[in-house]
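Below: one structure, written as structure tokens.
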Amino acid sequence: MNALTRPDTPQAALEHNAQVLQRARVLLQQTLDFIREQARPWSGSGLARASDDPYVISRFGDLNIRIDLAAALQERAQRQIEQEPDPAEVAVALAEAAIAAGQALLAASDAEFELTGQRSPQPQTLDDPLRWKYQLIGNYRLNGVPPQGFRSVV
0 MNALTRPDTP QAALEHNAQV LQRARVLLQQ TLDFIREQAR PWSGSGLARA
50 SDDPYVISRF GDLNIRIDLA AALQERAQRQ IEQEPDPAEV AVALAEAAIA
100 AGQALLAASD AEFELTGQRS PQPQTLDDPL RWKYQLIGNY RLNGVPPQGF
150 RSVV
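Counting along the sequence shown from 1, when you hit position 144 you're at 143 in numbering that gives the first Met the number 0, and nothing is skipped either side.
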């Protein structure tokens with residue numbers, strides 16, 4: 000994706016967010032499979048399996064929450080597209096969903112490296128920086144400044 004192919008409709012943005020969320024889910028499942036099937040526990044833990052490590056268990060709990068949150072925001076954005084007449088509210092909902100999906104993918108990628116020692120390649124997202132989404136959401140909620148066109152938010 001680049002500046003010319005970046006989503007410029009609400010449906011395209013929703014689809015892009017869904018793809019990012021799906022990558023996070025796949026990465027989480029791959030990491031979970033590795034921990035169950037190949038990982039050994041830390042030598043000082045006294046545990047028989049890596050999947051019994053309380054830290055590993057809590058890490059997977061955190062990742063599941065992040066992915067579930069992103070999915071909930073994605074569903075809310077879909078409802079906003081279908082029901083909300085205010086384009087600013089739709090744009091903000093899509094930006095919130097994009098942030099949650101991006102953060103879920105980043106957390107899943109970090110956990111993969113941390114728990115397996117491997118890192119799956121992820122597509123570049125520098126053409127759609129999340130830092131601007133935070134600023135636009137904050138400016139809208141704090142100062143009432145609507146996003147300047149759909150393309151600048153998602």
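Heads up, the beta-carbon is just placed ideally off N, CA and C, and yes, glycines get one too.
Just how far apart, CA to CA, sit L129 and P53?
About 32 Å.
Hey, out of Q73, P146, R58 and G45, whose CA is closest to E176's CA?
Within the shown structure, residues of the chain are numbered from 0 to 153, placing residue 176 beyond reach of any answer.
CB-CB under 7 Å to F33, same chain, minus the five flanking residues each way: which ones, in chain order?
Only T115 meet the Cβ criterion.
Three-state secondary structure (DSSP) of T30
T30 falls in the helix class under three-state DSSP.
When we look at the beta-carbon of S57 and count the other beta-carbons within 10 Å, is it buried (16 or more) or exposed?
Classification of S57: exposed, given that the 10 Å Cβ count is below 16.
Could you give the distance in angstroms between the alpha-carbon of S108 and the alpha-carbon of R118?
The straight-line gap from Cα to Cα measures roughly 7 Å.
List in chain order: all unbroken alpha helix (DSSP H) runs of 4+ residues lying wholly within the stretch 53–87.
The qualifying runs are 53–82.
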